[in-house]
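See structure below.
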């Protein structure tokens, strides 16, 4: 991207993450951190989903845990989907129950 003069912003990152190879996700995450984009909710959720597709459940969970509270419904759904995609049914149920216990979530 630097060679082609494309700007590195949330829009380009959101376009790249769903189609990038699994091995590129950590590099794109590092770039997002470097330019202070990783904290943007849409970018954080997209990174979480990219880690999930790569099978990096621990990194996806780390992204989820670092998101500010109250978490958006899409963040809960992305993490639940991560567990489901990676065959972790007990964690799906645990996280769903945790989501239900969140007072902030119940106001949605």
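In UniProt numbering, the protein residues as written are 1 to 108.
Glycine residues also receive a C-beta, built at the ideal position from the N, C-alpha and C atoms.
Taken atom to atom, the span from the alpha-carbon of residue 102 to that of residue 12 is near 33 Å. Cα atoms of residue 24 and residue 100: separation of roughly 34 Å, rounded to the nearest angstrom. When the alpha-carbon of residue 89 is set against those of 34, 57, 72, the nearest one is in 57.
The continuous stretches of alpha helix (DSSP H) do not include residue 22, and DSSP gives it neither H nor E. Separation of the CB atoms of residue 50 and residue 81 is rounded to 12 Å, and the pair is thereby denied contact status at 8 Å. In this model, residue 66 and residue 31 are separated by some 17 Å (Cα to Cα).
Boundaries of the alpha helix (DSSP H) harbouring residue 45: 41-53, taken from the DSSP string.
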